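Undergrad: Pasting a structure here, questions to come.
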Amino acid sequence: MNPDALILDSLLPARWRAGFAWPDRRRDNAGEFALFRRVFDGANPPPSCRLFVTADSRYILHVNGQRVGRGPLKGTLSRYTVEEYEIAPLLKPGRNVLAVAVLWFGYNGPLSEEHSGFPGLLVQGPESLGLDTPGKWKAFDCAALTWDRTPYTCNAHLFMGGMEQFDGRLYPQGWETPEFDDSDWPVASAVFPLTAAGGDPEAGLVWNFVPRELPALTEEPRAFTSPPTHTADEFLLQTDVLTTGYPVLVFEGGAGRRVEILYSENVWHRTEKPDDGRPYLWGGGGRLEKGVRDDLEKGILQGYQDTVILPGGVFTYEPFHWRTFRYVRVRVLPGEEPCTLRDASYRFTTYPQTLRAEFKSGEPDIETMMEVSWRTLQLCSHETYEDCPGYEQLNYLYDARNEALLSMYLCGETALPKRTIRLFRDTLRPDGMLSSRTPSSLRQTIPLFALWWIPMVRDLYDWAGDREREFVRGCLITVDAVLSYFRNLLRQDGFLAALPYWNPIGGDDAPGTDVADALRDGGSVYATALFLYALETARFLHRAVGYAEDVARWEPTRRRLLAAVRSAWSEKREVFVERVAFPEAPVSQHTQAMAILAGAVKPGQRRRLVRSIRKGVPAAKMTLQQGLPFAQAMREAGEYDVATAQYLPEYRAFLDLHLTTWPESTGPGVRSDCHAWSAWLPVEFLSTVLGVVPRQPGFASIGLRPHPVFADAAGRLMTPEGEVAVAWRTDRKRFRLEARTPVGVPTYLMLPDGSKEAFPQGGNLQAECLLPDRGRKASKD
Numbered sequence: 010m011n012p013d014a015l016i017l018d019s020l021l022p023a024r025w026r027a028g029f030a031w032p033d034r035r036r037d038n039a040g041e042f043a044l045f046r047r048v049f050d051g052a053n054p055p056p057s058c059r060l061f062v063t064a065d066s067r068y069i070l071h072v073n074g075q076r077v078g079r080g081p082l083k084g085t086l087s088r089y090t091v092e093e094y095e096i097a098p099l100l101k102p103g104r105n106v107l108a109v110a111v112l113w114f115g116y117n118g119p120l121s122e123e124h125s126g127f128p129g130l131l132v133q134g135p136e137s138l139g140l141d142t143p144g145k146w147k148a149f150d151c152a153a154l155t156w157d158r159t160p161y162t163c164n165a166h167l168f169m170g171g172m173e174q175f176d177g178r179l180y181p182q183g184w185e186t187p188e189f190d191d192s193d194w195p196v197a198s199a200v201f202p203l204t205a206a207g208g209d210p211e212a213g214l215v216w217n218f219v220p221r222e223l224p225a226l227t228e229e230p231r232a233f234t235s236p237p238t239h240t241a242d243e244f245l246l247q248t249d250v251l252t253t254g255y256p257v258l259v260f261e262g263g264a265g266r267r268v269e270i271l272y273s274e275n276v277w278h279r280t281e282k283p284d285d286g287r288p289y290l291w292g293g294g295g296r297l298e299k300g301v302r303d304d305l306e307k308g309i310l311q312g313y314q315d316t317v318i319l320p321g322g323v324f325t326y327e328p329f330h331w332r333t334f335r336y337v338r339v340r341v342l343p344g345e346e347p348c349t350l351r352d353a354s355y356r357f358t359t360y361p362q363t364l365r366a367e368f369k370s371g372e373p374d375i376e377t378m379m380e381v382s383w384r385t386l387q388l389c390s391h392e393t394y395e396d397c398p399g400y401e402q403l404n405y406l407y408d409a410r411n412e413a414l415l416s417m418y419l420c421g422e423t424a425l426p427k428r429t430i431r432l433f434r435d436t437l438r439p440d441g442m443l444s445s446r447t448p449s450s451l452r453q454t455i456p457l458f459a460l461w462w463i464p465m466v467r468d469l470y471d472w473a474g475d476r477e478r479e480f481v482r483g484c485l486i487t488v489d490a491v492l493s494y495f496r497n498l499l500r501q502d503g504f505l506a507a508l509p510y511w512n513p514i515g516g517d518d519a520p521g522t523d524v525a526d527a528l529r530d531g532g533s534v535y536a537t538a539l540f541l542y543a544l545e546t547a548r549f550l551h552r553a554v555g556y557a558e559d560v561a562r563w564e565p566t567r568r569r570l571l572a573a574v575r576s577a578w579s580e581k582r583e584v585f586v587e588r589v590a591f592p593e594a595p596v597s598q599h600t601q602a603m604a605i606l607a608g609a610v611k612p613g614q615r616r617r618l619v620r621s622i623r624k625g626v627p628a629a630k631m632t633l634q635q636g637l638p639f640a641q642a643m644r645e646a647g648e649y650d651v652a653t654a655q656y657l658p659e660y661r662a663f664l665d666l667h668l669t670t671w672p673e674s675t676g677p678g679v680r681s682d683c684h685a686w687s688a689w690l691p692v693e694f695l696s697t698v699l700g701v702v703p704r705q706p707g708f709a710s711i712g713l714r715p716h717p718v719f720a721d722a723a724g725r726l727m728t729p730e731g732e733v734a735v736a737w738r739t740d741r742k743r744f745r746l747e748a749r750t751p752v753g754v755p756t757y758l759m760l761p762d763g764s765k766e767a768f769p770q771g772g773n774l775q776a777e778c779l780l781p782d783r784g785r786k787a788s789k790d
């Protein structure tokens, strides 16, 4: 790949001369694979040669045999990406060729993609060179690649559209090079013009074109960690850690032999449970479960697979789309001609964000947890964030909020978080609801997720400040639409009525409590508190960008919600009930945490509430995916050790199972071993334990409020104003801190005993205090 050839933030052509091109013959709507070539003379290569390229559904662009780029960037029909490339440095005197492979998904496409029902390639270059499609382009209807929708593992086939069946005998090797003879290839046909009758360039178009917003993904060559181990015609390739990448396998011989390439996240273990007839795991009820993830002696490999038919000779196979794997099993089925796996490697691929933060502590396993969290973020970040790279590859709103925070705190990255906010913003329906995932060819609605989008907007503003002021302003109409949707569901008593659609909250919907029933039947204190939290966040945003009138407009609704949530406090039980109509029903941590974050806990109640949480009164804990709001609630309550005591043992248990990324959930029946909603730990290590937060949006002033739940901590992160480094330690009854903040940026320190110090010019600072009595917290109600 040549990422330097990709031009970002360019202007699209004012006039489209080109149109979509495709081979003459169409097979069916199950998807097609086509190869395109445009040979042209470069007797005098121009100093600049910019190409605009897109396709429905996906393309790979080559120039003179060199792979230059992939696209279009995953998006929606309303924001369909056109990439621009500068290819002049790749041209040479004489014969040149542009070669593009295009895969049209048809109705078998991945659920995480949005495309039209029309296949096609669109290229527009300098008018003098005549490179526009269809023009003189040639097109080959290639039957080598077809879909395989076998349910090899779990439900991946439903989300990923299928795996590859690739017949190398039907693939014209070397087709992307200038030397290839394409004399028998037919000329491409025009299938969709971009200039409509009447002269309106956008009239009747299925796609609304926009320039690419993100850089090309990293494609870094890597070797498997050990030479292939093999028995007869079966080869096992391994990596030390779970990864995402393009496997590159070089075969020799074996003409006509079938090769099965299986990708496994981990090692699976057979159980004594009865075989339910399914060849894959689902919810722990099948015949396979998970234990120690790299125990090959006791386990087996299970995963989806690509299938290849070898053409003979030397043949290199890599899939069109990247795969997720820790183990790759290559099985060559019987055939007449001997076969050799000459070489095996892969290209690691992820979104190009750079780790710029660190956190260390003498507390066991902390640095490993940071490493695993970073890897989990990497593997769940490509052209969008993903819930999991191994199964769904969908950008879910709640998951993406955690991932965006990780990108900002670990990398100082805002481009991908900002684009993610925009993608969800643009799913707004007339009734005020957002999609719970996007892009997606099948819309899904989770109303509670829409409320979490509003804090996601604030997360960006808190981090970037007025650098994103206008973008945040552009989001506020959607913020108000979401609030209006929920306001329309309020009952007379101030609680939300029954919520439509599906409304998961995590942890199997808090089993044993009244949470799920309250969401379904109405009167949910949890949902009403979440609405209040989102509304308070929205009012902050309106105030921050100068819309004071909108702050006042939502004040009556705020008072109504606050009164309702506060009415759910039980003096007897010292918790918030799930529904006031059922005051004795078991309660959840979810509702207690949201009441704290929403500001509904009155003075005098907070310590009693946390005491109840410590005693285990809530019947259901907030599990990994809900861990971040629970940790933030405990920070607000001044009892942060409750959060670390609850979660760190769970993460240590994952390390004992040799996981190298954080999984979707706990237990042997967990589906995905890489799920970034579980990777939020570094956000809390940096913002709460180390104590670095933006006191004003954009870190215009910096807040330091460390929480000494460990004996010591040290770390750094890169803020928009510069690097902040902090180190603190406890010594018997004293707390000592040293920090370095950007010179000229006011820094405000709150020590664990509640005392405050101001450093108007930032820079190097030191402070110490007596540690508060563990039995008497420094923070007060």
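Numbered by this note's numbering, the letters in the sequence shown go through residues 10 to 790 in order. Note that the Cβ used here is the ideal one computed from N, Cα and C, for glycine as well. In this text, all values refer to a predicted model and were calculated from it rather than measured experimentally.
Under 8 Å, with one C-beta from each stretch per pair, do the region 27 to 43 and the region 82 to 93 reach the 3-pair mark?
TA: At 8 Å Cβ cutoff, the stretches do not touch.
Undergrad: Any contact between the region 490 to 508 and the region 529 to 541? By contact I mean 3 or more CB pairs, one from each, below 8 Å.
TA: Flag = yes, the region 490 to 508 and the region 529 to 541 touch.
Undergrad: Measure how close the beta-carbons of L99 and Q75 come, nearest whole angstrom, since I'm counting them as under 8 Å.
TA: Your numbering for residue 99 matches position 90 in the sequence shown. Your numbering for residue 75 matches position 66 in the sequence shown. Between Q75 and L99 the Cβ distance is about 6 Å, and since that is below 8 Å, they are a contact.
Undergrad: Is the region 472 to 488 close to the region 416 to 433, with three or more CB pairs under 8 Å?
TA: Short answer: they touch.
Undergrad: Let's test the definition: count the other Cβ atoms within 10 Å of the Cβ of N512 and tell me whether it reaches 16, buried, or not, exposed.
TA: The sequence position of residue 512 within the sequence shown is 503, counting from 1. By the neighbour-count rule (16 or more Cβ atoms within 10 Å), N512 is buried.
Undergrad: Pick helix, strand or coil for W686, following the three-state DSSP scheme.
TA: Numbered from 1 along the sequence shown, position 677 holds the residue referred to as residue 686. Here W686 sits in helix by DSSP.
Undergrad: Rounded to the nearest angstrom, what separates A604 and A685 at their Cα positions?
TA: For the purposes of this step, residue 604 is taken as the residue at position 595 of the sequence shown. For the purposes of this step, residue 685 is taken as the residue at position 676 of the sequence shown. Cα to Cα, A604 sits roughly 25 Å from A685.
Undergrad: Pick helix, strand or coil for G207, following the three-state DSSP scheme.
TA: Looking up residue 207 in the sequence shown gives position 198. Low confidence applies here, because G207 scores a pLDDT of 45, under 50, leaving its location unreliable; read the following figure in that light. In this structure, G207 counts as coil in the three-state DSSP scheme.
Undergrad: Just checking, does the region 296 to 303 make contact with the region 150 to 159 on the three C-beta pairs under 8 Å criterion?
TA: With the cut-off at 8 Å, the region 296 to 303 and the region 150 to 159 do not touch.
Undergrad: Tell me the rounded alpha-carbon separation between H166 and G344.
TA: Working through the sequence shown from its first residue, we reach residue 166 at position 157. Working through the sequence shown from its first residue, we reach residue 344 at position 335. So the alpha carbons of these two residues sit roughly 28 Å apart.
Undergrad: Beta-carbon within less than 8 Å of I309's beta-carbon, same chain only, minus the 5 sequence neighbours each way: which residues are those?
TA: Here residue 309 refers to the residue found at position 300 of the sequence shown. Around I309: V276, W277, H278, R279, L297.
Undergrad: My output table needs one value for M643: the three-state DSSP class, helix, strand or coil.
TA: For the purposes of this step, residue 643 is identified with residue 634 of the sequence shown, where counting begins at 1. DSSP places M643 in helix when its eight states are reduced to three.
Undergrad: Using a Cβ-Cβ cut-off of 6 Å (strictly less than) and excluding sequence neighbours within five positions of G371, which residues of its own chain qualify?
TA: Along the sequence shown, read from residue 1 onward, the residue named residue 371 stands at position 362. So the qualifying residues of the chain are A720, D721.
Undergrad: Quick one: what's got a C-beta closer than 7 Å to W216's C-beta in the same chain, skipping five residues either side?
TA: By one-based count along the sequence shown, residue 216 stands at place 207. Within the same chain, W216 has close Cβ partners L86, Y89, S125.
Undergrad: Could you check how far apart the C-beta atoms of E228 and R356 are, in whole angstroms? I think they sit under 8 Å.
TA: To locate residue 228, count along the sequence shown from 1; it is residue 219. To locate residue 356, count along the sequence shown from 1; it is residue 347. Right, their Cβ atoms sit about 4 Å apart.
Undergrad: Taking 9 Å as the cut-off, decide whether the C-beta atoms of M10 and G115 are in contact.
TA: Counting from one through the sequence shown, the residue named residue 10 turns up at place 1. Counting from one through the sequence shown, the residue named residue 115 turns up at place 106. Not in contact: M10 and G115 (Cβ atoms no closer than 9 Å).
Undergrad: Provide the residue span of the beta strand (DSSP E) that contains V574, from first to last.
TA: Within the sequence shown, the letter at position 565 stands for residue 574. Taken as a continuous stretch (DSSP letters only), V574 belongs to no beta strand (DSSP E), being part of the alpha helix (DSSP H) at 564 to 575.
Undergrad: How about the region 396 to 407 and the region 261 to 270: do they share at least three Cβ pairs that are nearer than 8 Å?
TA: Flag = no, the region 396 to 407 and the region 261 to 270 do not touch.
Undergrad: Considering Cα atoms alone, identify which of P202, L699, A64 is closest to L738.
TA: Within the sequence shown, numbered from 1, the residue matching residue 738 stands at position 729. For the sequence presented, residue 738 should be read as Arg rather than Leu. When each option's Cα is compared against that of R738, the closest is L699.
Undergrad: Does N105 pass the burial test, meaning 16 or more other C-beta atoms within 10 Å, or should it be called exposed?
TA: The residue labelled residue 105 in the question sits at position 96 within the sequence shown. Result: buried.
Undergrad: Compute the Euclidean distance between the alpha carbons of G292 and G678, then round it to the nearest angstrom.
TA: One-based indexing of the sequence shown puts residue 292 at position 283. One-based indexing of the sequence shown puts residue 678 at position 669. With a pLDDT of 44 at G292, under the threshold of 50, the predicted position of this residue should be treated as unreliable, and no value is reported.
Undergrad: Are the Cβ atoms of L664 and D374 separated by less than 9 Å?
TA: Position 655 of the sequence shown, counted from the start, is the residue given in the question as residue 664. Position 365 of the sequence shown, counted from the start, is the residue given in the question as residue 374. A contact, by the Cβ cut-off of 9 Å.
Undergrad: So, with DSSP's three-state summary, where would you put M417?
TA: Within the sequence shown, residue 417 is the residue found at index 408, counting from 1. If DSSP states are grouped into helix, strand and coil, M417 belongs with the helices.
Undergrad: When DSSP labels each residue in this structure, what does A241 get in the three-state scheme?
TA: As a first step, residue 241 is located in the sequence shown; it is residue number 232 there, counting from the start. Of the three classes helix, strand and coil, the one that applies to A241 here is coil, per DSSP.
Undergrad: Out of I16, K369, M169, S121, which has the shortest C-alpha to C-alpha gap to I96?
TA: On the sequence shown, position 87 is the one that residue 96 refers to. Nearest C-alpha to I96: I16.
Undergrad: What number of angstroms, rounded off, separates the C-alpha of H391 from the C-alpha of C683?
TA: On the sequence shown, position 382 is the one that residue 391 refers to. On the sequence shown, position 674 is the one that residue 683 refers to. Each residue's Cα considered, the two are about 14 Å apart.
Undergrad: So for C778, helix, strand or coil by DSSP?
TA: Indexing the sequence shown from 1 puts residue 778 at position 769. Three-state DSSP puts C778 in a strand.
Undergrad: If we count the other Cβ atoms within 10 Å of its Cβ and call it buried at 16 or more, is I486 buried or exposed?
TA: Mapped onto the sequence shown, residue 486 falls at position 477. The residue is exposed, with fewer than 16 neighbouring Cβ atoms inside 10 Å.
Undergrad: Would you kindly work out how many angstroms separate the C-alpha atoms of T546 and V718, rounded to a whole number?
TA: Along the sequence shown, read from residue 1 onward, the residue named residue 546 stands at position 537. Along the sequence shown, read from residue 1 onward, the residue named residue 718 stands at position 709. Cα to Cα, the separation comes out at about 28 Å.
Undergrad: By Cβ distance below 7 Å, which residues in the same chain neighbour L364 in space, the five residues on each side in sequence not counted?
TA: Looking up residue 364 in the sequence shown gives position 355. Within the same chain, L364 has close Cβ partners W383, L419, C420.
Undergrad: Take the Cβ of G312 as the centre, count every other Cβ of all protein chains shown within 10 Å, and call the residue buried at 16 or more, exposed below.
TA: Here residue 312 refers to the residue found at position 303 of the sequence shown. So G312 ends up on the buried side.
Undergrad: Quick check on this structure: which residue in F49, S710, G676 has the alpha carbon closest to the alpha carbon of K101?
TA: Start at 1 with the first residue of the sequence shown, and residue 101 comes out as number 92. K101 has its Cα closest to that of F49, out of F49, S710, G676.
Undergrad: Among R615, P715, A64, which has the Cα closest to the Cα of A27?
TA: Position 18 of the sequence shown holds residue 27. That would be A64, whose Cα lies nearest to the Cα of A27.
Undergrad: Once you ignore the five residues that flank A602 on each side, which residues in its own chain have a CB closer than 7 Å to its CB?
TA: Counting from 1 along the sequence shown, the entry for residue 602 is found at position 593. Counting only Cβ-Cβ distances below 7 Å, and skipping sequence neighbours, we find M631, P638, F639, A642.
Undergrad: Look at A553 and P706 and say whether their C-beta atoms are less than 9 Å apart.
TA: On the sequence shown, residue 553 is found 544 positions in, with the first residue counted as 1. On the sequence shown, residue 706 is found 697 positions in, with the first residue counted as 1. Yes, they are a contact pair.
Undergrad: Could you check how far apart the C-beta atoms of E587 and R617 are, in whole angstroms? I think they sit under 8 Å.
TA: Position 578 of the sequence shown holds residue 587. Position 608 of the sequence shown holds residue 617. Contact doesn't hold; Cβ gap of about 18 Å is too wide.
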